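Engineer: Protein chains in written order, with my numbering: chain D, 138 to 216; chain L, 16 to 485.
From the three backbone atoms N, C-alpha and C, an ideal C-beta is built for every residue, glycine too.
Treat the numbers as computed from the prediction; the structure is a model and nothing was measured.
Shown below is the structure under consideration.
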Amino acid sequence: MSYGRASSDETLDAAVVQALAKKMGLDLSAEEAEMLTALLMNQLAAVESFNAFDLQDIVPAPIFRLGRVDTDLRGASDD
Amino acid sequence: MTDLNELSLSEVSDLLEAGEISSVELVEVNLRAIEKTEPVVHAYASVLAEEALEAARAADEEIAASGRRGPLHGLPIGVKDNIYTEGRLTECGSRVMAGFLPDHSATCVVNLERAGAIIIGKTHCHEFAYGVNTPPSRSPWNMDCYPGGSSIGSGVAVTSRSSFGALGTDTGGSIRVPASINNLVGMKASFGRVSIYGVVPVAWSLDHVGPMTRRVKDNALLLAGMAGYDPKDPTSANQPVPDFCADLEAGVAGLRIGIERDYFFYDGVIDEIRESVESVIAEYQRLGAEIVEISLPELEITQDALFTIVLCEGSTWHRKLIREQGDKYDPATRAIVQLGELLPATHYLAAQQARSLYRTALNRAFREQRLDAMLGPTMPIPTAPLDMLNAPRADGYPDTPVGSMCHHTFNANLAGLPALSVPCGITSDGLPFGFQLTGRAFDEALVYRIAYAYEREHDWHERKAEIAGL
Chain D
138 MSYGRASSDE TLDAAVVQAL AKKMGLDLSA EEAEMLTALL MNQLAAVESF NAFDLQDIVP
198 APIFRLGRVD TDLRGASDD
Chain L
16 MTDLNELSLS EVSDLLEAGE ISSVELVEVN LRAIEKTEPV VHAYASVLAE EALEAARAAD
76 EEIAASGRRG PLHGLPIGVK DNIYTEGRLT ECGSRVMAGF LPDHSATCVV NLERAGAIII
136 GKTHCHEFAY GVNTPPSRSP WNMDCYPGGS SIGSGVAVTS RSSFGALGTD TGGSIRVPAS
196 INNLVGMKAS FGRVSIYGVV PVAWSLDHVG PMTRRVKDNA LLLAGMAGYD PKDPTSANQP
256 VPDFCADLEA GVAGLRIGIE RDYFFYDGVI DEIRESVESV IAEYQRLGAE IVEISLPELE
316 ITQDALFTIV LCEGSTWHRK LIREQGDKYD PATRAIVQLG ELLPATHYLA AQQARSLYRT
376 ALNRAFREQR LDAMLGPTMP IPTAPLDMLN APRADGYPDT PVGSMCHHTF NANLAGLPAL
436 SVPCGITSDG LPFGFQLTGR AFDEALVYRI AYAYEREHDW HERKAEIAGL
């Protein structure tokens with residue numbers, strides 16, 4: 138499955154991604170870092186599609202629910 | 016004599032009820048089918064032959080002494096290998112979980128075994144149900160094409176007639192996609208309808224367990240056996256489980272079915288599927304349903320929102336495992352798990368905002384248009400050759416086959432609404448496909464009723480693929 142979308146010509150230095158991952162405890166080979174960098178660039182572009190809508194005052198769904206005593210999640214029945 | 020494997024789950028249940036067959040016979044015919052088809056289709060990760068036969072003998076004794084517990088008593092089924100089964104291998108398609116024997120069963124399995132169902136085997140899945148590696152299962156509809164995933168083995172087992180029904184899991188379409196590809200009925204019920212306790216998570220806020228069967232009634236019976244409130248699962252809904260078959264034959268006269276054409280009939284839908292699903296819509300109109308054109312531009316953000324949520328929630332679950340046993344992951348799965356860790360929290364929350372926006376818009380459409388269901392193709396394409404999944408689509412549409420396959424399924428996971436794939440055609444290349452009904456929260460019974468009204472007018476569900484070389 139191809140996660141994310143290919144929409145960006147910008148690049149990120151794979152060495153930076155490799156270093157960041159190492160800081161987080163993930164050891165990547167140079168080859169893995171190259172692949173992950175490409176995936177990351179694509180996936181970071183995913184939020185661009187959200188800009189077509191105004192999300193400013195929308196409370197994210199799970200956060201809204203985690204604060205409830207009743208954690209019964211009901212899909213679209215409660216908007 | 017009728018080949019029992021050719022009968023549906025509800026038909027063999029009726030024969031068991033009438034005392035015309037035994038549970039042992041059913042398990043034996045499934046085991047013979049497994050022996051015959053497995054060398055070619057590889058649906059099962061493990062087969063529980065002795066244990067299933069023992070359970071069948073016990074079921075027959077109990078039925079003789081005190082009758083059946085219900086319609087599932089004595090029936091063998093398959094269970095996807097990411098669902099815990101106490102004392103039985105649960106390897107989740109991964110070397111990370113090789114040899115794992117859970118000390119408890121998932122609640123859905125507990126419920127089904129309590130209803131008398133017998134687990135005949137665990138079915139293959141993509142590694143941790145991510146859908147990025149390639150399990151060995153192949154569909155008899157076309158051995159060179161993708162059989163669907165991540166409930167790949169469940170789809171192949173049921174369509175190969177080596178199981179009367181099987182459980183799948185669905186985070187973005189993993190029940191409905193293999194159901195469509197394998198000419199089956201597949202249900203992702205309302206979020207919280209079936210407990211996900213004991214199911215290896217992909218993404219906690221999107222995961223569902225559900226049934227894959229040959230017919231609508233089979234599916235309704237299996238769902239009833241699995242469903243119910245579970246205090247062990249914080250996402251479980253405390254909702255009564257109705258008889259999903261009670262109104263199955265009530266028809267669709269007067270019901271309102273919404274069609275969102277911009278998204279579900281976009282240019283990426285191939286002509287054969289478009290025309291067939293248009294004829295499904297015409298059929299519902301003929302049967303007395305009212306077709307309502309709706310507009311939901313928010314659908315356009317559902318793919319990006321779901322991917323982002325899956326990556327972030329999934330990678331959180333894998334944080335420890337990926338560090339301790341990262342070398343055991345398939346490289347494609349490992350990359351996806353690592354990717355999720357590198358996404359900013361703001362992107363995860365923005366995706367959840369987008370999800371809220373979509374849910375609100377969908378709920379408004381259902382309410383204001385007084386919809387009973389929404390209908391469209393389950394997939395825009397039937398499937399694709401395994402070696403072309405990530406290549407540009409052969410028909411020139413600017414997407415990959417794998418990118419297109421879940422275009423129509425993600426939105427129901429984000430909304431938490433029930434969504435059912437129903438067989439409705441076979442392409443000129445011999446590849447099946449289905450249409451998808453999305454219903455109101457916790458109204459699976461109505462979704463089944465609408466689906467059954469179509470199924471009883473057609474014989475798509477009877478079509479069967481011959482397995483080459485057998």
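(1) Please state whether the Cβ-Cβ distance between L:Pro91 and L:Ala67 is less than 8 Å.
(2) Using alpha carbons as the reference points, say which of L:Leu63, L:Arg385, L:Ala261 and L:Arg129 lies closest to L:Tyr463.
(3) For the pair the segment 176-184 of chain D and the segment 348-357 of chain L, tell me if three or more CB-CB distances fall below 8 Å.
(4) Using 8 Å as the threshold, is the C-beta distance between L:Val267 and L:Ile465 below it?
(5) For L:His88, which residues of its own chain have a beta-carbon under 7 Å away from its beta-carbon, when the five flanking residues on both sides are left out?
(6) What does L:Thr398 touch in chain D if you count any residue whose Cβ is under 9 Å from its own?
(7) So L:Asp387 and L:Leu270 are supposed to be a Cβ contact under 8 Å. How far apart are they, rounded?
(8) Under a Cβ-count criterion, where at least 16 other Cβ atoms within 10 Å of its own Cβ denotes burial, should L:Gly188 be classed as buried or exposed?
(9) Counting only beta-carbon separations shorter than 8 Å, does D:Glu169 have a partner in chain L?
(10) Thinking C-alpha only, which one of L:Leu221, L:Gly180 and L:Thr52 is nearest L:Ala194?
(11) Does the distance from the C-beta atom of D:Ala189 to that of L:Ser371 stay below 8 Å?
(12) Please name the residue in L:His223, L:Arg110, L:Thr138 and L:Arg455 whose C-alpha comes closest to that of L:His57.
(13) Taking the DSSP output, what are the residues bridged to L:Ser61?
(14) For L:Lys447, which three-state DSSP category applies?
(15) Can you tell me the Cα-Cα spacing of L:Tyr469 and L:Glu339, whole angstroms?
(16) Determine, for L:Glu315, whether the minimum Cβ-Cβ distance to residues of chain D falls below 8 Å.
(17) Does any residue of chain L bring its CB to less than 8 Å from the CB of D:Val196?
(18) Closest Cβ-Cβ distance between D:Ala151 and chain L: below 8 Å?
(19) Should L:Gln367 be flagged as near chain D, meaning a C-beta pair shorter than 8 Å?
(20) Output yes or no for whether 8 Å exceeds the beta carbon distance between L:Gly445 and L:Phe206.
(21) So who's on the other strand from L:Lys335, going by DSSP bridges?
(22) DSSP has L:Lys203 in a bridge; who is on the other side?
(23) Look at L:Met389 and L:Gly201 and say whether their C-beta atoms are less than 8 Å apart.
(24) Going by DSSP in three states, L:Glu43 sits in which element: helix, strand or coil?
(25) When DSSP builds the beta bridges, which residues end up paired with L:Ala388?
(26) Roughly how many angstroms separate the alpha carbons of L:Phe448 and L:Asp414, rounded to a whole number?
(27) What are the residues in the segment 70-99 of chain L lying within 8 Å of chain D by C-beta distance?
(28) Chain D beta carbons: is any one of them nearer than 8 Å to that of L:Asp387?
(29) Give me the residue from L:Ser109, L:Gly93 and L:Asp286 with the minimum Cα distance to L:Val124.
(30) Based on the DSSP output, what are the partners of L:Met227 in its beta bridges?
(31) My assumption, with CB atoms under 8 Å, is that L:Ala204 sits in contact with L:His223. Please give the rounded CB distance.
(32) For the structure I just gave you, are there three or more beta carbon pairs, one from the segment 248-261 of chain L and one from the segment 402-413 of chain L, closer than 8 Å?
(33) Among L:Asp458, L:Glu142, L:Ala297 and L:Ala64, whose alpha-carbon lies nearest the alpha-carbon of L:Gly391?
(34) Give the single residue among L:Glu43, L:Ala33 and L:Ser165 whose Cα lies nearest to the Cα of L:Ala70.
(35) Please tell me whether L:Leu127 and L:Gly213 are closer than 8 Å, where the distance is taken between their beta carbons.
(36) Look at the Cβ atom of L:Ile324, then the Cβ atom of L:Leu221, and state whether they are nearer than 8 Å.
Structural biologist: Looking at the coordinates:
(1) On the second sequence, position 76 is the one that residue 91 of chain L refers to. On the second sequence, position 52 is the one that residue 67 of chain L refers to. Against a cut-off of 8 Å, the Cβ pair of L:Ala67 and L:Pro91 comes out as a contact.
(2) The count along the second sequence starts at 1 and reaches residue 463 of chain L at position 448. For L:Tyr463, the nearest C-alpha among the options comes from L:Ala261.
(3) yes
(4) For the purposes of this step, residue 267 of chain L is taken as residue 252 along the second sequence, with counting starting at 1. For the purposes of this step, residue 465 of chain L is taken as residue 450 along the second sequence, with counting starting at 1. Yes.
(5) Position 73 of the second sequence, counting from 1, holds the residue named residue 88 of chain L. These residues qualify, in order along the chain: Ala74, Ile78, Ala130 and Gly131.
(6) If you number the second sequence from 1, residue 398 of chain L lands on position 383. In chain order: nothing, as chain D lies at least about 14 Å away.
(7) Walking along the second sequence from the start, residue 387 of chain L turns up at place 372. Walking along the second sequence from the start, residue 270 of chain L turns up at place 255. Right, the Cβ-Cβ distance comes to about 4 Å (below 8 Å), so this counts as a contact.
(8) The count along the second sequence starts at 1 and reaches residue 188 of chain L at position 173. That one is buried.
(9) Position 32 of the first sequence, counted from the first residue, corresponds to residue 169 of chain D. Yes, contact with chain L.
(10) In the second sequence, the residue the question calls residue 194 of chain L occupies position 179. Of the candidates L:Leu221, L:Gly180 and L:Thr52, the one whose C-alpha sits nearest the C-alpha of L:Ala194 is L:Gly180.
(11) Locating residue 189 of chain D in the first sequence gives position 52, counting from the first residue. Locating residue 371 of chain L in the second sequence gives position 356, counting from the first residue. No, the Cβ-Cβ distance between D:Ala189 and L:Ser371 is not below 8 Å.
(12) Here residue 57 of chain L refers to the residue found at position 42 of the second sequence. The shortest Cα separation from L:His57 among L:His223, L:Arg110, L:Thr138 and L:Arg455 belongs to L:Thr138.
(13) Translated into the one-based positions of the second sequence, residue 61 of chain L becomes position 46. According to DSSP, L:Ser61 bridges with L:Lys137.
(14) As a working note, residue 447 of chain L is residue 432 in the second sequence. According to the sequence displayed, residue 447 of chain L carries Pro and not Lys. Three-state DSSP puts L:Pro447 in a strand.
(15) Counted from its first residue, the second sequence places residue 469 of chain L at position 454. Counted from its first residue, the second sequence places residue 339 of chain L at position 324. Those two C-alpha atoms are separated by around 51 Å.
(16) Here residue 315 of chain L refers to the residue found at position 300 when the second sequence is read from its first residue. It does: the Cβ of L:Glu315 has a partner Cβ on chain D nearer than 8 Å.
(17) On the first sequence, position 59 is the one that residue 196 of chain D refers to. Yes - at least one Cβ of chain L is within 8 Å of the one on D:Val196.
(18) One-based indexing of the first sequence puts residue 151 of chain D at position 14. Judged by the 8 Å Cβ criterion, D:Ala151 is not in contact with chain L.
(19) If you number the second sequence from 1, residue 367 of chain L lands on position 352. Interface residue, yes.
(20) For the purposes of this step, residue 445 of chain L is identified with residue 430 of the second sequence, where counting begins at 1. For the purposes of this step, residue 206 of chain L is identified with residue 191 of the second sequence, where counting begins at 1. In this structure, L:Phe206 does not lie closer than 8 Å to L:Gly445 by Cβ.
(21) Along the second sequence, one-based indexing puts residue 335 of chain L at 320. Looking at the DSSP assignment, L:Lys335 forms no beta bridge with any residue, so it has no partner.
(22) As a working note, residue 203 of chain L is residue 188 in the second sequence. Partner(s): L:Ala434.
(23) Position 374 of the second sequence, counted from the start, is the residue given in the question as residue 389 of chain L. Position 186 of the second sequence, counted from the start, is the residue given in the question as residue 201 of chain L. Not in contact: L:Met389 and L:Gly201 (Cβ atoms no closer than 8 Å).
(24) Residue mapping note: residue 43 of chain L aligns to position 28 of the second sequence, counting from 1. Note: L:Glu43 maps to helix in three-state DSSP.
(25) Position 373 of the second sequence, counted from the start, is the residue given in the question as residue 388 of chain L. Its beta-bridge partners are L:Ile272 and L:Gly454.
(26) In the second sequence, counting from the first residue as 1, residue 448 of chain L sits at position 433. In the second sequence, counting from the first residue as 1, residue 414 of chain L sits at position 399. Whole-angstrom Cα-Cα distance: 19 Å.
(27) none
(28) As a working note, residue 387 of chain L is residue 372 in the second sequence. With 8 Å as the cut-off, L:Asp387 does not count as an interface residue toward chain D.
(29) If you number the second sequence from 1, residue 124 of chain L lands on position 109. The option with the nearest alpha carbon to L:Val124 is L:Gly93.
(30) Taking the second sequence and counting its residues from 1, the one referred to as residue 227 of chain L is at position 212. L:Ala181 and L:Gly201.
(31) Position 189 of the second sequence holds residue 204 of chain L. Position 208 of the second sequence holds residue 223 of chain L. Right, the Cβ-Cβ distance comes to about 6 Å (below 8 Å), so this counts as a contact.
(32) no
(33) Here residue 391 of chain L is taken as the residue at index 376 of the second sequence, counted from 1. Among L:Asp458, L:Glu142, L:Ala297 and L:Ala64, the Cα nearest to that of L:Gly391 belongs to L:Ala297.
(34) In the second sequence, residue 70 of chain L corresponds to position 55, counting from 1. Cα-wise, what sits closest to L:Ala70 is L:Glu43.
(35) For the purposes of this step, residue 127 of chain L is identified with residue 112 of the second sequence, where counting begins at 1. For the purposes of this step, residue 213 of chain L is identified with residue 198 of the second sequence, where counting begins at 1. The answer is no: Cβ separation not under 8 Å.
(36) Counting from 1 along the second sequence, the entry for residue 324 of chain L is found at position 309. Counting from 1 along the second sequence, the entry for residue 221 of chain L is found at position 206. Yes, the pair counts as a contact, with Cβ atoms nearer than the cut-off.
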